[in-house]
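Residues -23 to -1, 1 to 276, numbered by mature numbering (1 follows the signal peptide of the UniProt record, and there is no 0), are exactly what the sequence shown covers, in order. Cβ atoms here follow ideal geometry from the backbone N, Cα and C, with glycine treated the same way. In this text, all values refer to a predicted model and were calculated from it rather than measured experimentally.
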Amino acid sequence: MKKNAVLLLLSLMFMAFSLIDDAISRIGSTMEEMKTEVLNNVDRSEFSIWASNNVKTVCTKIPAGQQAPAVKAALQAIRIFVESDEFKKAYESNLRSRWAIDEKRNVSPERKQEIQRQLENYNAEMMNMMIPMEISANESIIKTYVESPPEAQKMLLPMIPGQNLEKAKEKLEQLKKVNSMLKTNFAQAKKDYIAFKVEQTIDMEEVQAKSDNAHNQAEFEKHMQYKTLIISQLKDFLNDSENIDFSAQTKMNQYHRKEFVNPAYESKPGEWKFYFRCGKEPVTAAREFCQAWLKDLER
């Protein structure tokens, strides 16, 4: 099954086929439910038409001749909502909650104290082992960064403390100074090392916060282009529902399950079989509506 949802057809089937006789009154009586369904699915990356397992069963309960009007009325209600300011505002609000930008995100005093407590247990043996290793690692990454071409430097930058070469060099010198005091003034060395590590951790967390904000802003802007997504979903539906042989014959197999008389149809994609079971009238009506909508969107 495709991961991209056929959002509009699912919403259509859910709304048009699960309500009562008159299509317009059905939609009107469940408008809020339809709005919620559409909002929740416009930007979902994994969405399946199988989310409503009773669709193909309910399809058969609407008399022939009434299915097409119900389909088109439901899709018209969906289109009107998607093109409304109400949808845009609600959708944007949902995105801002999901991809929040926190400009005030700072390391709290409590977090600083937590970092300090974690480092208080460091003893001379641990520091004599760890600090030379940190110095070596920092020297190595700085050297690699400086000697790398610009494109490689972009990839290495997140590994540079503070993502700033000059600041990284300053931190390296601080670390070397702490290391030189380990045997002559351990108490001061430990105090300076704790201060160094607290500042280093804070720098890393602030860099991460900036990275998170940049990522969230990019995702927000991408998902706000929902017109592109709807075009893609309309095309998915039209491609998947094309060339359905609604005259195909079925039979009961030895396990009392329906299967196609033509064995080639058994290997058809799940979407093809799904639309076959929905029936020619509702699928044809949906295709006509979606073709017209797609044409308008691509103008």
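- Cβ contact annotation for K49 (same chain, cutoff 7 Å, sequence separation greater than five): A262 and F266, in chain order.
- With a 10 Å radius around the Cβ and a threshold of 16 neighbouring Cβ atoms, K12 comes out buried.
- In the DSSP assignment, E275 falls outside any beta strand (DSSP E), carrying neither H nor E.
- By the Cβ-count criterion, Y232 is exposed, with fewer than 16 other Cβ atoms from all chains shown falling within 10 Å of its own Cβ.
- T227: member of the beta strand (DSSP E) spanning T227 to M229, first to last residue.
- Across the set N115, Q93 and F163, the C-alpha of N115 shows the shortest separation from the C-alpha of E147.
- Within the same chain, Cβ atoms closer than 6 Å to the Cβ of Y203 are found at V19, the five residues on either side in sequence being excluded.
- K250 and N141 have their C-alpha atoms some 57 Å from each other.
- Distance check between M136 and each of Y99, K153, K154 and D180 places D180 closest, using alpha-carbon atoms only.
- Assignment of E236 by DSSP, reduced to helix, strand and coil, places it in the strand class.
- Taking a 10 Å sphere around the C-beta of A47, we find 16 or more other C-beta atoms and assign the residue as buried.
- Of the candidates G42, L72, P40 and L52, the residue whose Cα lies closest to the Cα of L16 is L72.
- By the Cβ test, the stretch 86 to 97 is not in contact with the stretch 158 to 165, since fewer than three Cβ pairs between them sit closer than 8 Å.
- In terms of Cβ geometry, K89 and V184 do not form a close pair [threshold 8 Å].
- Distance between K257 and Q226, taken at the CA atoms: about 14 Å.
- Between F253 and F214, the beta carbon gap of about 14 Å keeps them out of contact (Cβ cut-off 8 Å).
- Counting along the chain, E150 sits inside the alpha helix (DSSP H) bounded by residues L142 to M158.
- Contact between L159 and A195 is ruled out by a C-beta separation of about 44 Å, above the 8 Å threshold.
- P109 and I119 have their C-alpha atoms some 15 Å from each other.
- Counting along the chain, Y203 sits inside the alpha helix (DSSP H) bounded by residues Y203 to D217.
- Listed in chain order, the non-local C-beta contacts of E248 below 6 Å within the same chain comprise D217, local neighbours out to five positions each way being set aside.
- Secondary structure in the stretch 40 to 100: the alpha helix (DSSP H) runs of 4 residues or longer, each lying completely within the stretch, are 44 to 59, 62 to 75 and 86 to 97 in chain order.
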